[in-house]
């Protein structure tokens, strides 16, 4: 186990109708003027936005509004939000939506007190300050409601990059599973895939003696394997939605990943797909992650066999652990297919001839990247090729 | 799953020599005058206290000192600490030790800003304020380094009672597994038992649809089953100590217990043993917890069978789930015996003829207590009797 620091000071308020507590929570965490940040029409149509506004008004908290966040949130709206917050003297960001809205709010939160271009934080610079952020989550997926991470896409050139700091961990997150019951099966499955990917990116590690975090990772994965098919067939199953929603948060606060090297190559390789085709991040991961696994599993077949046995319930082949390892990957892809996810480029809407362009944009150059297996540009091209041609 | 609030704002700093960061951490969390609170000679002899003092001095943080905390910490020292803090204008409590020292520091932290008797908070009253607390943990056991709980014993009458509030969750906790490598096997095993008990008290619940927290509970238990025997035979196995230390924290922040009814009867029933005989809390739990399980398992044999299969690796007897349930309890007691824990009154140093006195002090009266199975005074007497006569 490696040394680590773990700091997750977010107050999570979980359960039915918890959005009615937003006003109280903003006040408790020091907000006096709020920017209400959201996406498209669904938060308006469902009445959620009105309920949130009512809760703020009941506590006499004034607010400005900025809607229009799109999936794969853009820098252009972030600039707009920064301007708006400065003009209106906003001191608290309230994101109502999924990971895209929350990530956009985090970017604005870092940008407001910063004199330079907020994109600096998505190019490696650490922020020195940020406005506080609170969230009302509507999609179980990104885990941004409990993480110190944010991913933004630069509209000019389609660069998709991440920033990370404990400063942008939300002060509070309101998690009402009922809000996710209206989510269509495809988006639900995309979210579930993202949650599982967040765990797998932590699970495949070269760090030894990580029994506890291995087991915690498996706990989240086993939960997703049980609960996801239930919400695909019964979208308004509150209890299954509740387990998935909390699993999504637990998957990404880093409680399941502390003390171990991690490998975020699948996320990085996927980001080029969603940046180029504007596909859902989870759908891109469904195509990339098993392909990445097939490319790297020989690096540590027993670790992959462990996942196969403990998560997918495979019988261990003690004579041929690699057979078990591959069987686990096969079952993962089958699982993704069974919940309606694409498993190859054609199903995703991607083209194999774009691979050189995807690799170039990924920008590894002549170097290598990755914490489990370091990948060259040619390795990444091969993973895209495996993903392009995969089948169940 | 039930609605819940989860708020664990403690900054955990985990790894070798992390105690050298104490000065920086106190400063970061706003401390300007510290009470250094500790137990007996071991923190002095090992040089730990000197290292902590050096770290404070390097950051020009003045401190007062109060040592002498005993296992099952007493109210008398808490009163002394409150007086000392007021006299010296202390604004930050720094506990260096195990759960007893931390619990004592938490009690002082609540007592200083309170005009009444601090014991009110151990009699059901909620505190309105508390001084901030930081910890340097030396024993993996109580989980107090990440919890909002504290247990204190009233010297006059031997009453052992708990208090709980988010206000006394530590601001930071420094976790250096190397500090636990000198712990003798008996104390190590007591700590491991306490950790497992903290999980089991959450695991046995009547709340349904708790897949994620079930799995998280099992993750911690499986880790303890693997790692505890390793540190009994190799006390200075740093990696096994590290997994146990972090498991002890995870077991009690409540991340494994949110959204479910819990049952703390085993802890309550044990408290009378350690209050009367001044035995180690973990040793008392080793005697009580399997006895409690034997008394209540018929309330939900399948839940006990689930633990037997998933934690103890039992084969499920689908014709007779109760057989599997009992086999799991048997393996738990055998495990405790194998790590050197007592399994009955004689091994603990308790007397069966004291049972009426124990039951009376427990104070259920004519009522019932417990979240999984509500127990009457007679039920509790029967659990003491099972515990008195148990064997492996």
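Chains as they are written, first to last, in the working numbering: chain U, 1 to 392; chain C, 1001 to 1392. The C-beta atom is built at its ideal place from N, Cα and C for all residues, glycine as well.
For residue i, list the residues DSSP reports as bridge partners.
{"i": "residue 152 of chain U", "result": "U:161"}
{"i": "residue 37 of chain U", "result": "U:66, U:95"}
{"i": "residue 1172 of chain C", "result": "C:1011, C:1134"}
{"i": "residue 375 of chain U", "result": "U:369"}
{"i": "residue 1005 of chain C", "result": "U:13"}
{"i": "residue 74 of chain U", "result": "U:153"}
In the structure shown, what three-state DSSP assignment does residue i receive?
{"i": "residue 199 of chain U", "result": "helix"}
{"i": "residue 228 of chain U", "result": "helix"}
{"i": "residue 1112 of chain C", "result": "coil"}
{"i": "residue 1241 of chain C", "result": "helix"}
{"i": "residue 1260 of chain C", "result": "coil"}
{"i": "residue 1334 of chain C", "result": "helix"}
{"i": "residue 366 of chain U", "result": "coil"}
{"i": "residue 1187 of chain C", "result": "helix"}
{"i": "residue 118 of chain U", "result": "helix"}
{"i": "residue 345 of chain U", "result": "helix"}
{"i": "residue 217 of chain U", "result": "helix"}
{"i": "residue 1304 of chain C", "result": "helix"}
{"i": "residue 1351 of chain C", "result": "coil"}
{"i": "residue 312 of chain U", "result": "coil"}
{"i": "residue 46 of chain U", "result": "coil"}
{"i": "residue 1402 of chain C", "result": "Residue 1402 of chain C is absent from the model: chain C starts at 1001 and stops at 1392."}
{"i": "residue 28 of chain U", "result": "helix"}
{"i": "residue 1390 of chain C", "result": "coil"}
{"i": "residue 1233 of chain C", "result": "helix"}
{"i": "residue 1295 of chain C", "result": "helix"}
Quick one: does residue i have its CB under 8 Å from some CB of chain C?
{"i": "residue 259 of chain U", "result": "yes"}
{"i": "residue 239 of chain U", "result": "yes"}
{"i": "residue 223 of chain U", "result": "yes"}
{"i": "residue 247 of chain U", "result": "yes"}
{"i": "residue 26 of chain U", "result": "no"}
{"i": "residue 102 of chain U", "result": "no"}
{"i": "residue 11 of chain U", "result": "yes"}
Taking only beta-carbon positions, decide if residue i is within less than 8 Å of chain U.
{"i": "residue 1007 of chain C", "result": "yes"}
{"i": "residue 1216 of chain C", "result": "yes"}
{"i": "residue 1243 of chain C", "result": "yes"}
List the residues of chain U whose Cβ lies closer than 8 Å to the Cβ of residue i, in chain order.
{"i": "residue 1003 of chain C", "result": "14, 15, 16, 18"}
{"i": "residue 1226 of chain C", "result": "211"}
{"i": "residue 1219 of chain C", "result": "212, 215, 216, 218, 219"}
Can you name the residues of chain C whose CB is closer than 8 Å to the CB of residue i?
{"i": "residue 358 of chain U", "result": "What residue 358 of chain U touches in chain C: nothing, since even the nearest Cβ is about 35 Å away."}
{"i": "residue 22 of chain U", "result": "What residue 22 of chain U touches in chain C: nothing, since even the nearest Cβ is about 14 Å away."}
{"i": "residue 250 of chain U", "result": "1212, 1216, 1255"}
Using only CA atoms, which one of the options lies nearest to residue i?
{"i": "residue 9 of chain U", "options": "U:370, U:134, U:100", "result": "U:134"}
{"i": "residue 1161 of chain C", "options": "C:1146, C:1288, C:1107", "result": "C:1107"}
{"i": "residue 1020 of chain C", "options": "C:1006, C:1040, C:1055, C:1336", "result": "C:1055"}
{"i": "residue 132 of chain U", "options": "U:153, U:168, U:372, U:120", "result": "U:168"}
{"i": "residue 1309 of chain C", "options": "C:1079, C:1291, C:1330, C:1296", "result": "C:1330"}
{"i": "residue 1171 of chain C", "options": "U:199, U:6, U:265, U:369", "result": "U:6"}
{"i": "residue 1247 of chain C", "options": "C:1192, C:1381, C:1278, C:1121", "result": "C:1192"}
{"i": "residue 1378 of chain C", "options": "C:1391, C:1372, C:1183, C:1358", "result": "C:1358"}
{"i": "residue 1099 of chain C", "options": "C:1258, C:1304, C:1037", "result": "C:1037"}
{"i": "residue 196 of chain U", "options": "U:101, U:118, U:219", "result": "U:219"}
{"i": "residue 164 of chain U", "options": "U:84, U:253, U:388", "result": "U:253"}
{"i": "residue 361 of chain U", "options": "U:390, U:90, U:381", "result": "U:381"}
{"i": "residue 297 of chain U", "options": "U:316, U:272, U:232, U:324", "result": "U:324"}
Starting from residue i, find everything on chain C with Cβ-Cβ shorter than 9 Å and list it in chain order.
{"i": "residue 139 of chain U", "result": "Near residue 139 of chain U there are no residues of chain C at all, since even the closest Cβ is about 18 Å away, more than 9 Å."}
Interface residues of chain U around residue i at Cβ under 9 Å?
{"i": "residue 1234 of chain C", "result": "Ordered by position in chain U, no residue passes the 9 Å Cβ test against residue 1234 of chain C, which lies about 13 Å from the chain."}
Starting from residue i, find everything on chain U with Cβ-Cβ shorter than 7 Å and list it in chain order.
{"i": "residue 1255 of chain C", "result": "255"}
Does the beta carbon of residue i fall short of 7 Å from some heavy atom of the ligand SAH?
{"i": "residue 1122 of chain C", "result": "The ligand SAH is absent from the structure shown, which contains no ligand whatsoever."}
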